[in-house]
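Scroll down for the structure; my scribbles are underneath it.
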Amino acid sequence: MEDILLVKNLKKHYRDVRAVDDISFSVKKGEITSILGPNGAGKTTTVEIIEGLRKADAGDIYLFGKKVSHIDASIKKSMGVQLQTTAFFEYLTVKETIELFAGLYGVTVDSRKVIEEFSLIDKTRSKVKELSGGQLQRLALAVAVVNDPEIIFLDEPTTGLDPQARRNVWDIVLKLKEKGKTIILTTHYMEEAEKLSDHVYIMDHGKIVASGTVEELVKSLGMESFVEFSTTQSEKALALLEGDFKIKAVTRETLSIPTTNVEQTLHVLFSKSHENGFNVDNVIIRRPNLEDVFLHITGRSLRD
Amino acid sequence: MKIIKLAKGFFINEIREFNGFFWTFVFPAVLYFILVSVFSGMGSSGISFKMGVLADEELTGLGSILNEVLEQVSPEPFNVINYENMEQMMDDLKFNKIDVGVRIPAGTSSSLTKSIVFHQEPAKIEIYSVSARGESKMALQILKNIFEQVNLQIGKETASRLGNVYKDIEVSAEAVTPSDEWKFSYSNYLFPAVILMAILSISMFNAPIGLIYNRVKGINRRLYTTTIGSFHYFSAFFLFLLFSALLSVSLLYVIGTTLFKVDPAIMKIEFMAKIVYSTAVLFSIGMMISSFCKKYTTAEVIGQIFFQVFMFLGGFYFPVLNFDIPQAVKWFAKALPTTYLVESLRASLGYDVYSFSEATFWTVPSVWLGVSLIVFIFNFKRVMSYE
Chain A
0 MEDILLVKNL
10 KKHYRDVRAV
20 DDISFSVKKG
30 EITSILGPNG
40 AGKTTTVEII
50 EGLRKADAGD
60 IYLFGKKVSH
70 IDASIKKSMG
80 VQLQTTAFFE
90 YLTVKETIEL
100 FAGLYGVTVD
110 SRKVIEEFSL
120 IDKTRSKVKE
130 LSGGQLQRLA
140 LAVAVVNDPE
150 IIFLDEPTTG
160 LDPQARRNVW
170 DIVLKLKEKG
180 KTIILTTHYM
190 EEAEKLSDHV
200 YIMDHGKIVA
210 SGTVEELVKS
220 LGMESFVEFS
230 TTQSEKALAL
240 LEGDFKIKAV
250 TRETLSIPTT
260 NVEQTLHVLF
270 SKSHENGFNV
280 DNVIIRRPNL
290 EDVFLHITGR
300 SLRD
Chain B
0 MKIIKLAKGF
10 FINEIREFNG
20 FFWTFVFPAV
30 LYFILVSVFS
40 GMGSSGISFK
50 MGVLADEELT
60 GLGSILNEVL
70 EQVSPEPFNV
80 INYENMEQMM
90 DDLKFNKIDV
100 GVRIPAGTSS
110 SLTKSIVFHQ
120 EPAKIEIYSV
130 SARGESKMAL
140 QILKNIFEQV
150 NLQIGKETAS
160 RLGNVYKDIE
170 VSAEAVTPSD
180 EWKFSYSNYL
190 FPAVILMAIL
200 SISMFNAPIG
210 LIYNRVKGIN
220 RRLYTTTIGS
230 FHYFSAFFLF
240 LLFSALLSVS
250 LLYVIGTTLF
260 KVDPAIMKIE
270 FMAKIVYSTA
280 VLFSIGMMIS
290 SFCKKYTTAE
300 VIGQIFFQVF
310 MFLGGFYFPV
320 LNFDIPQAVK
330 WFAKALPTTY
340 LVESLRASLG
350 YDVYSFSEAT
360 FWTVPSVWLG
370 VSLIVFIFNF
380 KRVMSYE
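And the structure:
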């Protein structure tokens, strides 16, 4: 599949902070590519440079196969953007907002159809200020695609939403992919990247620290599973099991053991708990995820 | 088309907000009602000053024209009180019993005849006022204005009595309200001020606060991800301001013409052109303010200061420069664009109270316009919060 976007050696700094530190990546047409990282990793700065909202200090951007030095109107015509902070005219209705943005791209849309598509039909005549967080994000998505763009940038589209609203947004994003749209998504939610992404770039401190499909990234950890359990004597358990496993404390009462042999791990765990008298509760066996990848690479949690 | 759509967006967003609607459209109209009611009483268009008249001789011949004039200006805007001696009239003036004193010296009738028929030196009429009293100064200005019109009227009447065509006067007289219809009307005097106040409100509040709000809230950034550029943005914003001003001014025109019977001269192109020019000057100042403020609360405070200073020291409601105020404040007032803009509009209605030249009307505001635009253009990127 052809690259719709290619970024080479992109740099951006603010005083002493290297917000984007010499990163290169590509995005394939029709895929959902996620840039995953904690707050302050440089995700937003990266996409805003590509969107034309910020200027890069160095680096090249190739869009639709052509090198671009300035993101002008002709390029913006093929881009859809949903910014991290959703800001619209508060006193315009949903319908008016969609029609206004269509007009700014010089296109006309069947606003009713768009409103239906983004499940906002009962809010057609509601003012923007009256919308809930989820409804506002759906409107932001509707506005991002109002010009029928080839490539769509979604900057943390589900931040601050409740689980149901988050799932609604995910459904919309997957529908857009089905329509053949290329989507670049920034997020600090591991589940979001796992659920939606064809390809993931993990960013930290302005650098891309890992990339690949979710499967590839997880495999790179070299382990199949994690055995997690809770105990009221976590310090004692940690000390007793450290010699056998690379055990880590997830919370004050929860410990996690990475393993390639679940059966043996469980056997050792229960033997030691029986012999030494510490309790083991809520045992969970789970596959590794992107959070583990991030933790493995940076030594920190995505939520830190 | 993009510009119009965006301007429409700005406008709808503004008028649906109570604050925007109230201050832009309702407040100027309400203020006009209040001021006219307070100063001249609702339903009546005139106010009355007490004028003392001392005639040292009985006016005869062409001099009797002056008697006719004095009868016509009474009881509005002047309630005439006749005096027999100068000392009494001056005492009453000093003790606030009259607002202005007029002395018609001996020989006025013959001087007037000589000046009209033989084009000799004009007749001299003495007017006395108290400089520390606003009403007295205002009465003086109005009286001066009346006598200027009397000159025209005399010219016209003389020409008809002598069976001649008094050409110079005849031409000028067309633009001037005939003295027998002239009345000082506070609603006329106020109309230019209220018009400018409406535009000032849009310029000092809607413009800077709107621009900064859009920047701070991220609306500008959202708009800039579309295909519009800064040219579209500012053109649309300017168009939105212009349309708001147009609606607000139109509403005042309707109120002015229907309820307060404001002078029809407000319909003249000259008057309207001056409104457009005033709008350009005040908008540019509003844009300049926005380029210095990072928060809209700051813009609100600065806008408020400019608004009050421009309005009150600019002489919107009182002829400030005629008051006994410190010289420094006078110079400050003279440096304000609104002093000239409102005076210029009043001049078109025959209600100017200062003696500014036509050139001054344009020069000072033009300097403000130029400087504001230059400063705004240099600070342009700050306004847009753009790299």
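From first to last, the protein sequence lines stand for chains A and B.
Just so you know, numbering that gives the first Met the number 0 puts 216 at position 217 of the first sequence, and the rest follows in order with no gaps.
Just so you know, numbering that gives the first Met the number 0 puts 203 at position 204 of the second sequence, and the rest follows in order with no gaps.
Ideal Cβ positions, reconstructed from N, Cα and C, are used throughout, including at glycine.
Legend entry - Status (buried if at least 16 other CB within 10 Å, exposed otherwise) for L34(B): With 16 or more other Cβ atoms within 10 Å, it is buried.
Inset, instruction - Using three-state DSSP, classify R214(B) as helix, strand or coil. - result: Assignment of R214(B) by DSSP, reduced to helix, strand and coil, places it in the helix class.
Inset, instruction - Have a look at the DSSP bridge pairing and note the partners of Q81(A). - result: Q81(A) has L153(A) as its beta-bridge partners, per DSSP.
Inset, instruction - Confirm, please, whether the CB-CB distance from F306(B) to L372(B) is below 9 angstroms. - result: No; because the gap between Cβ atoms is not below 9 angstroms, this pair is not in contact.
Inset, instruction - Compare the C-beta of L138(A) against all C-beta atoms of chain B and say whether one is closer than 9 angstroms. - result: Contact of L138(A) with chain B is not assigned, every C-beta pair being separated by 9 angstroms or more.
Legend entry - 6 angstroms CB neighbourhood of V170(B) in its chain, flanking five on each side removed: Residue confidence is low: V170(B) scores 27 on pLDDT, short of 50, so the model does not pin down where it sits. Its coordinate-derived value is still stated next. Apart from the 5 residues on each side of it in sequence, V170(B) has no Cβ closer than 6 angstroms to any other Cβ in its chain.
Inset, instruction - With DSSP collapsed to three states, give me the class of M130(B). - result: Per the sequence presented here, residue 130(B) reads as Ser, with Met not at that position. DSSP places S130(B) in coil when its eight states are reduced to three.
Inset, instruction - Using three-state DSSP, classify D179(B) as helix, strand or coil. - result: Since pLDDT at D179(B) reaches only 44, below the 50 mark, its modelled position is unreliable, and the value read off the structure follows with that caveat. Coil at D179(B), not helix or strand.
Inset, instruction - Let me know the beta strand (DSSP E) ranges lying completely inside the region 24 to 112 of chain A, each 3 residues or longer, listed in chain order. - result: If we require 3 residues or more, the beta strand (DSSP E) runs fully inside the region 24 to 112 of chain A come out as 31 to 35, 57 to 62, 65 to 67 and 78 to 81.
Inset, instruction - Residues of the region 8 to 35 of chain B with a CB closer than 7 angstroms to any CB of chain A: list them in chain order, please. - result: Look at the region 8 to 35 of chain B: the residues with a C-beta under 7 angstroms from a C-beta of chain A are G8, I11, N12, R15 and E16.
Legend entry - Euclidean distance between Cα positions of N144(B) and Y188(B): Cα to Cα, the separation comes out at about 13 angstroms.
Legend entry - Alpha-carbon to alpha-carbon, G36(A) and D20(A): A straight line joining the alpha-carbon of D20(A) with that of G36(A) spans about 14 angstroms.
Legend entry - N-terminal and C-terminal residue of the alpha helix (DSSP H) that F20(B) is part of: It spans F17 to F20 - the alpha helix (DSSP H) in which F20(B) sits, taken as one unbroken run.
Legend entry - Min CB distance P177(B) to chain A below 9 angstroms: With a pLDDT of 34 at P177(B), under the threshold of 50, the modelled position of this residue cannot be trusted, and the question is left open.
Legend entry - Buried/exposed call for G19(B), threshold 16 Cβ in 10 Å: Counting every other CB atom within 10 Å of its CB across the protein chains shown gives G19(B) a total of 16 or more, marking it as buried.
Inset, instruction - With a threshold of 16 other CB atoms inside 10 Å of the CB of L9(A), please say whether the residue is buried or exposed. - result: Buried.
Inset, instruction - Give me the Cβ distance between L130(A) and Y61(A), rounded to the nearest whole Å; I'm assuming they're in contact under 8 angstroms. - result: Actually they are not in contact, since the Cβ atoms of L130(A) and Y61(A) sit about 37 angstroms apart, beyond 8 angstroms.
Inset, instruction - Can you grab the Cα-Cα spacing for the pair V80(A) / G217(B), in whole Å? - result: V80(A) and G217(B) have their C-alpha atoms spaced approximately 13 angstroms apart.
Inset, instruction - Could you tell me whether any Cβ in chain A is nearer than 9 angstroms to the Cβ of I223(B)? - result: Here the sequence assigns Tyr to residue 223(B), which means Ile is not the residue at that position. Yes, Y223(B) lies at the interface with chain A (some Cβ there is under 9 angstroms from its Cβ).
Inset, instruction - Could you work out which residues of chain B lie near E50(A), taking near to mean beta carbons separated by less than 8 angstroms? - result: E50(A) reaches chain B at T224, counting residues in chain order whose Cβ is nearer than 8 angstroms.
Legend entry - Exposure of F204(B), with buried meaning 16 or more beta-carbon neighbours within 10 Å: Counting the other Cβ atoms within 10 Å of the Cβ of F204(B) gives 16 or more, which makes it buried.
Legend entry - Under 8 angstroms by beta carbon: chain A residues contacting G228(B): Counting only Cβ-Cβ distances below 8 angstroms, G228(B) has contacts in chain A at A72, in chain order.
Inset, instruction - With DSSP as the reference, please indicate the residues paired to L9(A) in a beta bridge. - result: As a beta-bridge residue in DSSP terms, L9(A) pairs with I22(A).
Legend entry - According to DSSP, residues forming a beta bridge with I201(A): In DSSP, I201(A) forms a bridge with L35(A) and A209(A).
Inset, instruction - Please report how far the alpha carbon of L111(B) lies from the alpha carbon of F146(B), in whole angstroms. - result: Rounded to whole angstroms, the gap between the alpha carbons of L111(B) and F146(B) is 13 angstroms.
Inset, instruction - Kindly say whether M266(B), judged by its beta-carbon, lies nearer than 9 angstroms to any beta-carbon of chain A. - result: No, M266(B) lies away from the interface with chain A (no Cβ there is under 9 angstroms from its Cβ).
Legend entry - Rounded C-alpha distance that separates T359(B) from K333(B): Approximately 10 angstroms between the Cα atoms of the pair.
Legend entry - Member of F24(B), K380(B) and F375(B) whose CA lies at the smallest distance from the CA of R214(B): Taking the Cα of R214(B) as reference, the smallest distance to any Cα among F24(B), K380(B) and F375(B) is reached at K380(B).
Inset, instruction - Identify the contact partners of L153(A) in chain B, using a Cβ-Cβ distance below 8 angstroms as the criterion. - result: Within chain B, not a single residue places a beta-carbon under 8 angstroms from that of L153(A); the smallest gap is close to 12 angstroms.
Inset, instruction - Step through the CB atoms of chain B and report whether any lies within less than 9 angstroms of the CB of V80(A). - result: Yes, because at least one Cβ of chain B sits closer than 9 angstroms to the Cβ of V80(A).
Inset, instruction - Can you tell me which of F331(B), F190(B), R345(B) and A346(B) puts its alpha carbon nearest to the alpha carbon of V363(B)? - result: The shortest C-alpha separation from V363(B) is found at F331(B).
Legend entry - Cβ pair H198(A), T181(A) closer than 9 angstroms: Taking 9 angstroms as the Cβ cut-off, H198(A) and T181(A) do not qualify as a contacting pair.
Inset, instruction - Inspect the beta-carbon positions of K136(B) and N321(B) and report whether they are closer than 9 angstroms. - result: Yes, the Cβ-Cβ distance between K136(B) and N321(B) is below 9 angstroms.
Legend entry - Given G313(B) as reference, the closest of S277(B), F259(B), E125(B) and P207(B) once Cα atoms are compared: If we check each option's Cα against that of G313(B), S277(B) comes out closest.
Legend entry - Under 7 angstroms by beta carbon: chain A residues contacting L5(B): Those within 7 angstroms of L5(B) in chain A are L103.
Legend entry - Contact under 9 angstroms by Cβ, T258(A) with F269(A): No, the pair does not count as a contact, with Cβ atoms beyond the cut-off.
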